[in-house]
Every structure is written in structure tokens, then in C-alpha cells.
Amino acid sequence: MMKRGWVTPVILGILALILPFTLSSYYQHILILVIIWITMASAWNLLGGFAGQVSFGHALFFGLGAYGGGLLYQHWGISTWWGMIVGPVWAAAIAIPLGLITFRLRGPYFALSMLAMCEIARIIFTNWVPFSGGAVGVMISRTWGGEKLPYYFIILAICAVTLGAVALMRYSKLGFYFLSIREDQDAAEALGIPTTKYKMYALIPSAFFTGLAGAFYMNYMAYIEPRVVFNLEAISIMMILTVMLGGAGTIWGPVLGATVYVILAEVFRTIPGIKEVHVLVFALIVVLIIMFLPDGILGEWDKIKRIFIKPKLAS
Amino acid sequence: MEFFLESLIEGLLLGGIYAVVAVGMTLIMGVMKIINLAHGAIMVVAMYVCYALFVTLGLNPYIGIFVAMPTLFGIGYLLQRYSIRRVTEVITVLPETQVLLTLAIGMALIEIMRFIFTSNYQTVPVPGVSGKTLYLGEISMNVAMIIGFVVAIVFIMGLHLFITRTDLGKSIRATAQDPDAAKYMGVNTRNVTCLTFAIGSMLAAAGACLLLPAYYLFPDVGHVFTLKAFIVTILGGMGSTVGALSGGLVLGVAESLGASYWQMGYKDVIGFVIFVLVLLFLPGGLKTVIGR
Chain A
23 MMKRGWVTPV ILGILALILP FTLSSYYQHI LILVIIWITM ASAWNLLGGF
73 AGQVSFGHAL FFGLGAYGGG LLYQHWGIST WWGMIVGPVW AAAIAIPLGL
123 ITFRLRGPYF ALSMLAMCEI ARIIFTNWVP FSGGAVGVMI SRTWGGEKLP
173 YYFIILAICA VTLGAVALMR YSKLGFYFLS IREDQDAAEA LGIPTTKYKM
223 YALIPSAFFT GLAGAFYMNY MAYIEPRVVF NLEAISIMMI LTVMLGGAGT
273 IWGPVLGATV YVILAEVFRT IPGIKEVHVL VFALIVVLII MFLPDGILGE
323 WDKIKRIFIK PKLAS
Chain B
-1 MEFFLESLIE GLLLGGIYAV VAVGMTLIMG VMKIINLAHG AIMVVAMYVC
49 YALFVTLGLN PYIGIFVAMP TLFGIGYLLQ RYSIRRVTEV ITVLPETQVL
99 LTLAIGMALI EIMRFIFTSN YQTVPVPGVS GKTLYLGEIS MNVAMIIGFV
149 VAIVFIMGLH LFITRTDLGK SIRATAQDPD AAKYMGVNTR NVTCLTFAIG
199 SMLAAAGACL LLPAYYLFPD VGHVFTLKAF IVTILGGMGS TVGALSGGLV
249 LGVAESLGAS YWQMGYKDVI GFVIFVLVLL FLPGGLKTVI GR
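From first to last, the protein sequence lines stand for chains A and B. Going by the numbering used here, the first sequence opens with residue 23, and the numbers climb by one from there. Going by the numbering used here, the second sequence opens with residue -1, and the numbers climb by one from there.
Have a look at this one:
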């Protein structure tokens, strides 16, 4: 791991620093979307892929992060850039009581109780008009107007920090605790790992980074509404499916999955006459991937390699 | 008082239809030990089958149900046999891979429907039923919902008899209790799980067709129904027909009263709060309270 582990990130990092200067505004926008999704998918993967706590409601943290800045602006006219601090902190803070409630449940029950929490948040933000502005949402004017590069480097930094934090946690003692909880919670408990505590250690950074992506989304898109940021299909489920495509429990899986998803979406959006087909195509791809490569593309990389490269027989 | 009774009855009628949908889900959960998150999507497919029959042949949903139910029986059987079963027999990183597969399948089904029928809201009115109300003293009742409720109860009772009295029903229950032991007793458990998924999908289709005359339909409605069915299943207790029936009625009444006395917009919060509370404090569901 330590020998070649730094090569891929360095190459990708240099590419990510140079590439945007050569691209038009449209492709810069797509690149920004890709990186937002990589951040979100990696954050989900920390809790879902490593600690094995599959959450169906991560749009909750995305929405809270986005509304952190949104509410500051709405109520006090403070710049939404402060939301980059307030949003994720708020999301992580709310994650603590939620975790204490939902971590008593296991497997699918945990997953769906998170979904319930997210839906409750969406309904509250839609209906509690004096607090959130209701279904009309929050609209700001963009700091840099049509200029994409400043946004690009901000989200790139966020993404790098997220990936770094995930990799650091994965290869520390913490990461091995997460894996042991994923593999067998009872055995982990029997070995003296306080499972609820370590699940919290996975949930809090996961919520924080998802919230950070949400806060950036607020600043970049300059418009949020509850139906968009707390969306079950387009955010909660898509975060899971991108990770499943790339490979849950791997560091690069979410990167691959998110890239494929955004590019697919954009490619199909440019074909005239068909709307929203990208979700269908993506869903079908994920169905096939889960059926034939249940651990995702990178999770089953060895298996894929074996199909193309015949293993050498010992003579 | 009339207002209260009206809300109560409206809730009970809706609850009956929730129950027939949830009975299918609880059956699948009981036998296969997985949550079928494609359940709502299957309902949407059934609704669009009815809609297509209505548009092309002018058949109303009460006739369309006889086409939709076998169709969804077939789709359910094929999905389980050729797709979901593949994943139940392999060891994967995430233990919930099957659930995530049903989630992806559900999304694909909904998107296929969107591709064919677009996202527009559609209605399938039945002359003499849709929009008609029946008055009982001061209390008004929606005719379509009454028909839906009665038929739903008939289906639930039919399923109950099927599960408790027939040989196939007994092998389904045996597989639910202990798949290995069932296999030793000569039950073809693979086939039984496929049939269970098919029957569950068929019941979801029945619920969908019964709702159709009273509601409008669009592809995204599938997610809502998956959640409702799941709430009812948890509320009632896994694998119990009586539990699903009582859970459905409780959810229907709670939502209806909530919409009447609280706020229309917060109606769905009630279901989710009930769901989390039941999971935390009554993990067996109403089944344990009723005692069967």
C-alpha cells in the first residue's frame, strides 16, 4: 500500500489542477458536479462502505449543510459563505442525537430509519415557512457570477480534504474498527469494541463532509429548495448507487461511481428528445453491476482482471 | 363529531388499501428476510398497466385488475428468479446488497414507466365511481375508496386462508420459519421464494388498481407507496397478515386524523414518527400485542 499508494492520487491531483484551465465553462461546470458527487459519495462510503451502516437518508445532511448558509442569509443577511462553516457543523451536530437514536437499530432498519429522519426534515423545511422560507427555497446572487474557476478550486480542496480524511481513517486503527463492525457487529462487541461509539465516529465525519458538499452546493447553485436538497431519489439513493457501482468499502470506488454517474447524466442530457433517461440507464447499469459484481467495479477488480487475463498455471 | 367520524372512516378505508399492499411486502419480508424496496415501483407498473388498458381499450381499473395482477405476478416471479436470487447466495462487502438491488430495480422500473408514459399526472376515472360520495347521515364517504376497501379486505382474507390452509401456503410458512428444515422436508424452497415474491407483487398490484379510481398517478408515486408499505409492515410486525391489516388501519387513521386536526403538510410526518417509535420501543410490531 505505502509503496505505490501515492501514485494515483498525485497523478489525479495534478490532472485536476491543470485540466480546468484548458476547458470551456460548460466542461468546468461538469467537472465541478463530478467533484461534488465524489465528495458526497466518499462521505457516504465512510459510514456505509467502511462501517457497514447503510444510510438511506444522507440527503438529510446535504440539505442541512445547504440550509446552514441559506438560513443565515434568509434571517440575518449574512453571506452564505459562512454556511461553509455553519452548515457542516450543524449537520454533524444534528447527526449526534440522530445517531444515538438510529444506531440502536441494525441493517435495513437503520437504513430506513435514516430515510424517515430525512423525510421528516424535508417535510419540516417545506411546511415551516417562517423558519425556512418553505417550498420557495432560498435564492442568493452568486459571488463570482458566471466565473467557474474559483468555485472549482474550492470544491477541489473540499474533495481533497474529504478523500484524505477517508483514506487516513481507513488505514488507522479507527478504520479497522469500522471494518470489524461491518463484518460482524456482535464479534466486534465481544472483542471489546464499543460499537455505538465507533459508529458515531464514522457518522459524524460522514455527516460533516456531506454537509460541506451541501454548503458548497448552496453557494455554487445559488438556489436551494427543500424538494431539491432533501431529495430521496436524486440525492439519498443516488449517493448509494454511485458507491455501489464503484465499489463500497474502497477508497476509489466512490470516485469512479460518481464520475460515471455525472458523465452519464450529462451525455444523455445533450441528446435531444429524451429527457431523464440518464436515471434509467444508470439504474439499469447498477442493477447489472450488483447482480454480476455485487461488490462494485473496484471491489471486484481481481475478478474482472481474471476474466481478461488468464491466470498463469503453476507448472 | 361528524368531522371526526368522517376523518376516521376515510382513514379506515385508506388503511384497508394500505394493508393489502403491505401484506404483500410482509409476506416477502417474512419468507426472504429482505426488504423489498421495489414494492412501490411494482405498484406503479400495475397502475400504468391499468392506465394503458384504459387508454387503449377503455377498460376501467376494476376489470384491468384482472390483467394487472397476473402481469405483476409474472414480473415478480422473473425478478426474483433471475435477478434478486443471484445475490442472496453470494457473500458481499455490504450485508444489505439484496436490499440495494431491490432499490435499484425499483428505480429502474419507475424510470421505465417515466420513459414510456412521461412524468405527467394521469387519472383513470371510472364513471359512476370516481368523485362520487355516499352519504350516511351527515358523513360523506368516497365510493371508490369503499369499493377499494371491501375488495382489499377480501384479498387479505383470501391470502390468509391460502397461507394457513393450502399445501403451498404451508410450504411458504415453513420456508419463512426455517429454510433449511423446510428443504429437508422436501420443500422446493427456491421455487417457494420465487412464488412468494410473485404473490407479494400481485397483491401490490391489487392495491394499486384499487387506489387508481380515487387518485391520480405519476411515476414518483412509487417511492411514497414503498415507504407507506414499509411503515405498515414494521407497525404490524413481519410476516403477519393480521399485523399488516391492523398496521394498515392504524396508519390510515393516524394520517387522516393528522391531516384533519394538524396540518395537511405534516400528514406524512406522523407515519415516519410512528415508524421510528415502533422500531425503537415495539420491535415486534402490533403482532406481539395482538398475539398472533
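By construction, the Cβ of each residue, glycine as well, lies at the ideal position given by its N, Cα and C atoms.
Within 8 angstroms, strictly: CB atoms of residue i and residue j
{"i": "residue 246 (chain A)", "j": "residue 143 (chain A)", "result": "no"}
{"i": "residue 103 (chain B)", "j": "residue 203 (chain B)", "result": "no"}
{"i": "residue 198 (chain B)", "j": "residue 34 (chain B)", "result": "yes"}
{"i": "residue 157 (chain A)", "j": "residue 248 (chain A)", "result": "yes"}
{"i": "residue 5 (chain B)", "j": "residue 258 (chain B)", "result": "yes"}
{"i": "residue 29 (chain A)", "j": "residue 96 (chain A)", "result": "no"}
{"i": "residue 229 (chain B)", "j": "residue 272 (chain B)", "result": "yes"}
{"i": "residue 285 (chain B)", "j": "residue 256 (chain B)", "result": "no"}
{"i": "residue 75 (chain B)", "j": "residue 195 (chain B)", "result": "yes"}
{"i": "residue 178 (chain A)", "j": "residue 38 (chain A)", "result": "yes"}
{"i": "residue 112 (chain B)", "j": "residue 313 (chain A)", "result": "no"}
{"i": "residue 68 (chain A)", "j": "residue 172 (chain A)", "result": "no"}
Interface flag, residue i vs chain B, CB-CB below 8 angstroms
{"i": "residue 105 (chain A)", "result": "no"}
{"i": "residue 308 (chain A)", "result": "yes"}
{"i": "residue 99 (chain A)", "result": "no"}
{"i": "residue 324 (chain A)", "result": "no"}
{"i": "residue 347 (chain A)", "result": "Since the first and last residues shown for chain A are 23 and 337, residue 347 (chain A) lies out of range."}
{"i": "residue 264 (chain A)", "result": "no"}
{"i": "residue 288 (chain A)", "result": "no"}
{"i": "residue 208 (chain A)", "result": "no"}
{"i": "residue 261 (chain A)", "result": "no"}
{"i": "residue 222 (chain A)", "result": "no"}
C-alpha distance - residue i paired with residue j, whole-angstrom precision
{"i": "residue 30 (chain B)", "j": "residue 311 (chain A)", "result": "22 angstroms"}
{"i": "residue 264 (chain B)", "j": "residue 287 (chain A)", "result": "33 angstroms"}
{"i": "residue 134 (chain B)", "j": "residue 2 (chain B)", "result": "14 angstroms"}
{"i": "residue 68 (chain B)", "j": "residue 135 (chain A)", "result": "33 angstroms"}
{"i": "residue 24 (chain A)", "j": "residue 189 (chain A)", "result": "Confidence at residue 24 (chain A) is low in this model, with a pLDDT of 46, below 50, so the placement of that residue is unreliable and no value is reported for it."}
{"i": "residue 164 (chain B)", "j": "residue 152 (chain A)", "result": "58 angstroms"}
{"i": "residue 17 (chain B)", "j": "residue 308 (chain A)", "result": "31 angstroms"}
{"i": "residue 234 (chain A)", "j": "residue 50 (chain A)", "result": "20 angstroms"}
{"i": "residue 47 (chain B)", "j": "residue 166 (chain B)", "result": "28 angstroms"}
{"i": "residue 137 (chain B)", "j": "residue 13 (chain B)", "result": "18 angstroms"}
{"i": "residue 116 (chain B)", "j": "residue 145 (chain A)", "result": "26 angstroms"}
{"i": "residue 240 (chain A)", "j": "residue 273 (chain A)", "result": "26 angstroms"}
{"i": "residue 129 (chain A)", "j": "residue 184 (chain A)", "result": "25 angstroms"}
{"i": "residue 271 (chain A)", "j": "residue 62 (chain B)", "result": "46 angstroms"}
{"i": "residue 130 (chain B)", "j": "residue 71 (chain B)", "result": "31 angstroms"}
{"i": "residue 36 (chain B)", "j": "residue 98 (chain B)", "result": "10 angstroms"}
{"i": "residue 220 (chain B)", "j": "residue 331 (chain A)", "result": "43 angstroms"}
{"i": "residue 229 (chain A)", "j": "residue 266 (chain B)", "result": "24 angstroms"}
{"i": "residue 179 (chain B)", "j": "residue 188 (chain B)", "result": "13 angstroms"}
{"i": "residue 148 (chain A)", "j": "residue 141 (chain A)", "result": "10 angstroms"}
{"i": "residue 292 (chain B)", "j": "residue 96 (chain B)", "result": "This structure cannot speak to residue 292 (chain B), because chain B is shown only from -1 to 290."}
{"i": "residue 120 (chain B)", "j": "residue 23 (chain B)", "result": "26 angstroms"}
{"i": "residue 100 (chain A)", "j": "residue 107 (chain A)", "result": "13 angstroms"}
Cutoff 8 angstroms: residue i Cβ touching any chain A Cβ
{"i": "residue 68 (chain B)", "result": "no"}
{"i": "residue 270 (chain B)", "result": "yes"}
{"i": "residue 91 (chain B)", "result": "yes"}
{"i": "residue 84 (chain B)", "result": "yes"}
{"i": "residue 26 (chain B)", "result": "no"}
{"i": "residue 40 (chain B)", "result": "no"}
{"i": "residue 275 (chain B)", "result": "no"}
{"i": "residue 144 (chain B)", "result": "no"}
{"i": "residue 279 (chain B)", "result": "no"}
{"i": "residue 200 (chain B)", "result": "no"}
{"i": "residue 178 (chain B)", "result": "no"}
Bridge partner(s) assigned by DSSP for residue i
{"i": "residue 160 (chain A)", "result": "A:246"}
{"i": "residue 58 (chain B)", "result": "DSSP lists no partner for residue 58 (chain B)."}
{"i": "residue 131 (chain B)", "result": "B:140"}
{"i": "residue 215 (chain B)", "result": "B:120"}
**Report entry** the stretch 231 to 249 of chain B in contact with the stretch 4 to 14 of chain B per 3-pair CB rule at 8 angstroms
**Finding:** Contact annotation: the stretch 231 to 249 of chain B touches the stretch 4 to 14 of chain B, with at least three C-beta pairs closer than 8 angstroms.
Requested in this report: Check whether the stretch 220 to 230 of chain A touches the stretch 67 to 77 of chain A, taking contact to mean three or more Cβ pairs, one atom from each stretch, closer than 8 angstroms.
Outcome: Yes: at least three Cβ pairs fall under 8 angstroms.
Query raised in the report: Are at least three pairs of beta-carbons, each pair with one atom in the stretch 307 to 325 of chain A and one in the stretch 260 to 277 of chain A, less than 8 angstroms apart?
Result: Per the Cβ contact rule, the stretch 307 to 325 of chain A is in contact with the stretch 260 to 277 of chain A (3 or more Cβ pairs under 8 angstroms).
Query - Validate contact between the stretch 224 to 235 of chain B and the stretch 144 to 154 of chain B using beta carbons, cut 8 angstroms, 3 pairs - result: At 8 angstroms Cβ cutoff, the stretches do not touch.
Report task. Count the C-beta pairs between the stretch 202 to 216 of chain A and the stretch 51 to 60 of chain A that are closer than 8 angstroms, then say yes if the count reaches three, no if not. Result -> Too few Cβ pairs lie closer than 8 angstroms, so no.
Query raised in the report: Just checking, does the stretch 79 to 95 of chain A make contact with the stretch 250 to 261 of chain A on the three C-beta pairs under 8 angstroms criterion?
Result: Put simply, the stretch 79 to 95 of chain A touches the stretch 250 to 261 of chain A. At least three CB pairs are less than 8 angstroms apart.
Report task. Indicate whether the contact test is met: 3 or more Cβ pairs, each with one atom in the stretch 200 to 211 of chain A and one in the stretch 161 to 173 of chain A, closer than 8 angstroms. Result -> Touching, no.
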